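Residue numbers (our numbering): 24 to 666.
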Ligand code: ADP
Ligand code: MG
Ligand code: ZN
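What follows is the structure, encoded as structure tokens:
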């Protein structure tokens, strides 16, 4: 990849607006100038010291218009040629004075005596309020303009306050992220696009506008996004979803607008919205109007994502650990159309992560990371980083200069004690069961003609509760599913449980999700797709809220419902039997594959297929089995045999 030809000019972002403190400084300077220069001058001019005699003379001459006694002085205003001059004189003991002033028609106690306070009162009475009015006025008008969709601004109210990073400030590279090769590969393409947009434009390709990093907490989603920023050498806006949630109504939407405005100005650039589920939660169909503010923010986000031109090079990354709670509109093509799974690391990944973090501490030569990684099954990247740090702390506590193997092992226990509570670490026995369960799914899928090939299987527990996971990728997208395909899908779902039964002769709770899904499909086949002879093309359910969630409600009589339930059970039972049959036939492969998965924790589709298509293994199976026919379409005719 070519990181050299980045655009330097992008990085000297010219200040669009002067920062607010400049205005404060100007205001302070003006006030100081007023105080230092103007005020004393005024003061000197305004109050002239006179002797008492000349005061009396002025009074007698009728030039004094007003007078006031304050402390030991008499302040008075003398009028000469129509000009008023403020004077003061020392107060004498003069019984006659009041009468004298009265006779001369002087208005008494009517002067604001101090020149300084006169000026101060002008400042306090006029200038400060005016300044405040200007500020408040601007602030209000800005706020109003923002909520009306206009722009312009003086204060930073309603601004996105997204942090802007450039390469130098994050300093994180892909090499700092261990494992997660799939995610890195997908993100590398985005980085490449930002560097060589021409290459893509020549072909006419436009980058996906958005990529969504999904995965459990602590697996390095935020880290990956920062690494993208570090590699891409373009401005990187980072904002957390919760920062959109504002005290004032309409502010969230304004922030979104501002963020995208900035991003457009700085394109090519990357916008990263962390924890997007805070703003991107599903809008609900009805209720009490929902959370209007959040919905507005989301709508604004959707609109902005549509509004900008993908070829300009604004790429939006987002991270979440709750993808299922996101609004479907966010996930549709043209928005976050690329989904990047960031999963818990497997054995190899754990080892790599440990090594990356161990670089930061001093360790003894004898540390075996593979053993540590093995012991920390189910730990996330963040937990592994924690383990390394704990080990270093332990070494310091014991007064050693290096962390040893023992330090690591002890610290695993410290950290594991933390997550054993969360029930995520599998015992070997459990791991074995899960391995068989997952291979059961995969094998049934692979042995059915119409089932999609297996892409990847892992037995790394995930936070969703599933202990393992078989990822299937359809060869081509299809919208129409045949009855047979649906049946095969159900068979595949029951394959996990079937394998458990076959090998361990006992069943576990691990199949709950499978059961739910299989039931859903079977039910839909009968109630909605008209795929049973008994009901023909009669809809038993109608879908409400189709675009958001898709709940269904029954529209049939009680009797039919009972019958319906029976049919669903029948359907699933048949497929379950079929799956058992397939596994029984291929039990040798089942053992072999499960063993491989147990040892490696992850198996890719290719590896799976290699093992599957290798010569029929005879020795591996420990049990008697009637397996010889390596028929691809095995199963169909077995349907009724087991039940
Ligand atoms: P997430 O955003 O997915 O919850 P983070 O990206 O905040 O997780 O990760 C937390 C920390 O865990 C990181 O700062 C890093 O130290 C460590 N970490 C997680 N995954 C990895 C990884 N794949 N490689 C290296 N370190 C990791
Ligand atoms: Mg995060
Ligand atoms: Zn399963």
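We put the CB at the ideal spot given by N, CA and C, even for glycine. Just so you know, these numbers come straight off a predicted model, no measurement behind them.
Are the beta-carbon atoms of residue i and residue j separated by less than 8 angstroms?
i: residue 613; j: residue 522; result: yes
i: residue 9; j: residue 595; result: The chain is shown from 24 up to 666; residue 9 falls before or after that span and cannot be answered.
i: residue 110; j: residue 165; result: no
i: residue 367; j: residue 239; result: yes
i: residue 358; j: residue 543; result: no
i: residue 369; j: residue 481; result: yes
i: residue 337; j: residue 286; result: yes
i: residue 513; j: residue 598; result: yes
i: residue 250; j: residue 195; result: yes
i: residue 397; j: residue 425; result: no
i: residue 202; j: residue 375; result: yes
i: residue 154; j: residue 89; result: no
i: residue 436; j: residue 417; result: no
i: residue 264; j: residue 297; result: yes
i: residue 592; j: residue 546; result: no
In the DSSP assignment, the beta strand (DSSP E) including residue i goes from what residue to what residue?
i: residue 295; result: 292-297
i: residue 112; result: 106-113
i: residue 619; result: Where residue 619 is concerned, there is no enclosing beta strand (DSSP E), although the alpha helix (DSSP H) it sits in stretches over 610-623.
i: residue 263; result: 259-263
i: residue 214; result: Here residue 214 belongs to no beta strand (DSSP E); instead the alpha helix (DSSP H) covers 204-218.
i: residue 236; result: 233-237
i: residue 103; result: 96-103
i: residue 70; result: 70-72
i: residue 306; result: From DSSP, residue 306 is part of no beta strand (DSSP E); its letter is neither H nor E.
Any chance the CB of residue i is under 7 angstroms from a heavy atom of the ligand ADP?
i: residue 349; result: no
i: residue 258; result: no
i: residue 364; result: no
Output the distance between the C-alpha atoms of residue i and residue j, rounded to the nearest integer angstrom.
i: residue 228; j: residue 328; result: 18 angstroms
i: residue 644; j: residue 618; result: Per-residue confidence for residue 644 stands at a pLDDT of 40, beneath the threshold of 50, marking its modelled position as unreliable; the derived number appears in the next sentence. Computed Cα separation, rounded: 11 angstroms.
i: residue 620; j: residue 450; result: 15 angstroms
i: residue 273; j: residue 319; result: 7 angstroms
i: residue 143; j: residue 70; result: 16 angstroms
i: residue 465; j: residue 344; result: 26 angstroms
i: residue 212; j: residue 330; result: 23 angstroms
i: residue 626; j: residue 360; result: 26 angstroms
i: residue 295; j: residue 236; result: 10 angstroms
i: residue 537; j: residue 506; result: 19 angstroms
i: residue 469; j: residue 526; result: 19 angstroms
i: residue 293; j: residue 255; result: 9 angstroms
i: residue 208; j: residue 604; result: 39 angstroms
i: residue 261; j: residue 246; result: 12 angstroms
i: residue 622; j: residue 335; result: 47 angstroms
i: residue 631; j: residue 373; result: 22 angstroms
i: residue 160; j: residue 275; result: 22 angstroms
i: residue 91; j: residue 158; result: 39 angstroms
i: residue 118; j: residue 53; result: 47 angstroms
i: residue 289; j: residue 342; result: 22 angstroms
i: residue 564; j: residue 279; result: 40 angstroms
Would the C-beta of residue i count as close to the ligand MG, meaning under 7 angstroms from any of its heavy atoms?
i: residue 245; result: yes
i: residue 393; result: no
i: residue 405; result: no
i: residue 414; result: no
If we count the other Cβ atoms within 10 Å of its Cβ and call it buried at 16 or more, is residue i buried or exposed?
i: residue 197; result: buried
i: residue 47; result: exposed
i: residue 122; result: exposed
i: residue 95; result: exposed
i: residue 113; result: exposed
i: residue 248; result: buried
i: residue 3; result: The question about residue 3 has no answer, for the chain in this structure spans 24 to 666.
i: residue 487; result: At residue 487 the pLDDT is 43, less than 50, meaning the model places this residue with poor confidence and gives no usable figure here.
i: residue 460; result: buried
i: residue 471; result: buried
i: residue 99; result: buried
i: residue 642; result: Here residue 642 scores only 41 on pLDDT, less than 50, and its place in the model is too uncertain to base an answer on.
Just to check, is the beta-carbon of residue i closer than 7 angstroms to a non-hydrogen atom of the ligand ZN?
i: residue 534; result: yes
i: residue 388; result: no
i: residue 460; result: yes
i: residue 537; result: yes
Please list the terminal residues of the continuous alpha helix (DSSP H) segment that includes residue i.
i: residue 276; result: 274-289
i: residue 90; result: No alpha helix (DSSP H) holds residue 90; the beta strand (DSSP E) holding it covers 87-93.
i: residue 351; result: 351-354
i: residue 553; result: Looking at the DSSP string, residue 553 is not in any alpha helix (DSSP H), and its letter there is neither H nor E.
i: residue 340; result: Residue 340 -> not in any alpha helix (DSSP H); beta strand (DSSP E) instead, spanning 337-343.
Using a Cβ-Cβ cut-off of 8 angstroms, state whether residue i counts as contacting chain D.
i: residue 378; result: Among the chains of the structure shown, chain D does not appear; only one protein chain is present.
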